[in-house]
């Protein structure tokens with residue numbers, strides 16, 4: 560990837576430095592950072608969002624989804640169509656599910672020499688409950704979904720007689736006193752490679768997914784009233800995490816023993832799980848924490864723009880009088 564810096568438009572230079580992003584029009588933004596070049600350039604996004612008011616990740620025209628909001632902003636900045644951008648996410652979070660480390664990639668037929676202005680413009684166009692945390696160039700081999708080797712999800716349970724109002728959108732209230740030790744014991748029985756068919760809800764979108772998944776860890780962490788269930792695995796079937804959490808809640812209530820876990824796994828039948836817990840844990844307690852990738856797929860291309868993590872505002876001159 561060539562990164563020869565084009566001449567900066569005079570209107571974007573103020574006292575020897577770039578003017579603030581708020582004063583840069585979309586046309587000026589593109590003339591500042593876009594390089595006319597043939598070929599395909601791939602870009603990686605790390606995204607955080609509060610999923611409360613969204614119908615999940617997957618694109619829909621209505622109601623709003625995370626992907627549709629991102630595409631709308633990218634289309635406005637790049638002046639490309641959604642089919643040209645080919646935005647792909649690491650996974651499809653459900654309606655109401657949150658993310659701190661969702662990953663996506665998109666492509667452009669041109670290169671960028673600087674990503675800071677692009678990053679600032681992107682967050683400026685997105686609603687406040689979606690933020691791009693990181694923007695970087697990516698090697699052609701990188702794929703947000705297929706390059707991933709594991710994902711980390713966290714489910715939060717607020718275990719008290721009433722809900723902390725500051726946690727209401729990001730934790731599920733369970734007023735039954737939960738036995739965290741019993742839940743921890745049962746969670747460890749999910750670790751390893753298993754057929755998770757009994758913990759998957761059917762969906763037409765998934766086709767015929769591989770039910771064999773490897774769970775490398777399943778931690779149950781108690782912090783006073785807040786109980787965090789953090790699971791890392793090679794992949795997850797549709798609603799698998801929420802179904803596992805629902806069973807662990809029943810075990811935490813001491814309505815079931817931990818040995819129910821291997822028994823249900825062995826059946827490979829979702830109808831068996833439904834006898835013990837009919838519904839998945841509610842979506843608002845779930846968050847996609849991070850997606851981990853093969854190291855060689857995270858390498859930056861040669862001569863690419865510097866990765867943008869956002870930038871701080873700076874004061875170049877103090878305008879307040881000294882006393």
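Numbering (this note's numbering), first residue to last: 560 to 882. Yeah, the Cβ is synthetic: ideal placement off N, Cα and C, and Gly gets one too.
| task | Could you tell me whether any Cβ in chain C is nearer than 8 angstroms to the Cβ of residue 802? | result | Here chain C cannot be found, since the structure has a single protein chain.
| message | Let's test the definition: count the other Cβ atoms within 10 Å of the Cβ of residue 870 and tell me whether it reaches 16, buried, or not, exposed. | response | Sixteen is the threshold: since fewer than 16 other Cβ atoms of the shown chains lie within 10 Å of the Cβ of residue 870, the residue is exposed.
| message | For residue 827 and residue 664, I'd like the C-alpha separation in whole angstroms. | response | Computed Cα separation, rounded: 34 angstroms.
| Beta-bridge pairing of residue 791 - partner residues as DSSP gives them | Per DSSP, 711, 776.
| query | Just how far apart, CA to CA, sit residue 854 and residue 834? | reply | Looking at the two C-alpha atoms, the distance is approximately 42 angstroms.
| query | Leaving out five residues before and five after residue 743 in sequence, what residues of the same chain have Cβ atoms less than 7 angstroms from its Cβ? | reply | Around residue 743, the same chain offers 779 as residues with beta carbons nearer than 7 angstroms, after the five sequence neighbours per side are excluded.
| On the three-state DSSP scale, how would you describe residue 670? | Residue 670: strand per DSSP, three-state reduction.
| task | Could you tell me the distance, in whole angstroms, from the CA atom of residue 842 to the CA atom of residue 658? | result | For residue 842 and residue 658, the distance between alpha carbons rounds to 12 angstroms.
| request: Compare the C-alpha of residue 814 against each of 831, 686, 785, 736 and name the closest. | output: Among 831, 686, 785, 736, the Cα nearest to that of residue 814 belongs to 736.
| task | Answer yes or no: do residue 748 and residue 820 have a C-beta to C-beta separation smaller than 8 angstroms? | result | Result yes, Cβ atoms of residue 748 and residue 820 sit closer than 8 angstroms.
| said: According to DSSP, residue 693 sits in a beta bridge with which residue or residues? | reply: Its beta-bridge partners are 605.
| request: Would you please state the rounded distance, in angstroms, between the beta carbons of residue 701 and residue 601? I believe it to be under 8 angstroms. | output: The beta-carbon separation of residue 701 and residue 601, rounded to 6 angstroms, stays under the 8 angstroms limit for a contact.
| query | CA-CA distance, residue 811 and residue 734? | reply | Each residue's Cα considered, the two are about 12 angstroms apart.
| Does the distance from the CB of residue 799 to the CB of residue 836 come in under 8 angstroms? | The answer is no: Cβ separation not under 8 angstroms.
| query | Any idea what DSSP makes of residue 749, helix, strand or coil? | reply | Of the three classes helix, strand and coil, the one that applies to residue 749 here is helix, per DSSP.
| Is the number of C-beta pairs between the region 603 to 617 and the region 709 to 727 that are closer than 8 angstroms three or more? | Pairwise C-beta distances place the region 603 to 617 out of contact with the region 709 to 727, as fewer than three of them are shorter than 8 angstroms.
| Is residue 662 closer than 8 angstroms to residue 703 when the C-beta atoms are compared? | Going by C-beta atoms, residue 703 is nearer than 8 angstroms to residue 662.
| said: Using the three-state DSSP reduction, which class does residue 873 fall into: helix, strand or coil? | reply: It is coil, neither helix nor strand.
| Exposed or buried, residue 775, counting other C-beta atoms within 10 Å across all chains shown (16 or more means buried)? | Residue 775 should be labelled exposed.
| Which class does residue 705 belong to by DSSP, given the choice of helix, strand or coil? | Annotated three-state conformation of residue 705 is coil, per DSSP.
| From what residue to what residue does the beta strand (DSSP E) around residue 851 run? | Counted as a single uninterrupted DSSP element, the beta strand (DSSP E) harbouring residue 851 occupies residues 845 to 852.
| Distance CB(residue 784)-CB(residue 688) smaller than 8 angstroms | No Cβ-Cβ contact shorter than 8 angstroms links residue 784 with residue 688.
| query | Can you list, in chain order, the residues of its chain whose CB lies under 7 angstroms from that of residue 745, leaving out five sequence neighbours each side? | reply | 807, 810, 817, 820.
| request: Keeping to the same chain, check which residues put their C-beta closer than 6 angstroms to that of residue 802; ignore five residues upstream and five downstream. | output: Excluding residues within five positions, the ones whose Cβ falls inside 6 angstroms are 758, 839.
| Excluding sequence positions up to five away, which residues of its chain have a Cβ less than 6 angstroms from the Cβ of residue 666? | In its chain, beyond the 5 residues on either side, 599, 601, 645 have a beta carbon closer than 6 angstroms to the beta carbon of residue 666.
| request: Helix, strand or coil for residue 665, going by three-state DSSP, please let me know. | output: In the structure shown, residue 665 adopts extended strand secondary structure according to DSSP, grouped into three states.
| field | Spatial distance of residue 648 from residue 876 (CA atoms) | value | Distance between the alpha carbons of residue 648 and residue 876: 42 angstroms.
| said: Please report the straight-line C-alpha distance between residue 691 and residue 867, rounded to a whole angstrom. | reply: So the alpha carbons of these two residues sit roughly 10 angstroms apart.
| task | Reducing DSSP to helix, strand and coil, say where residue 635 ends up. | result | DSSP, reduced to helix, strand and coil, places residue 635 within a helical segment of the structure shown.
| task | Indicate the three-state DSSP secondary structure (helix, strand or coil) for residue 754 in the structure shown. | result | If DSSP states are grouped into helix, strand and coil, residue 754 belongs with the strands.
| With DSSP run on the structure shown, which of helix, strand or coil describes residue 660? | For residue 660, the secondary structure class from DSSP, reduced to helix, strand or coil, is strand.
| said: According to DSSP, residue 781 sits in a beta bridge with which residue or residues? | reply: Its beta-bridge partners are 786.
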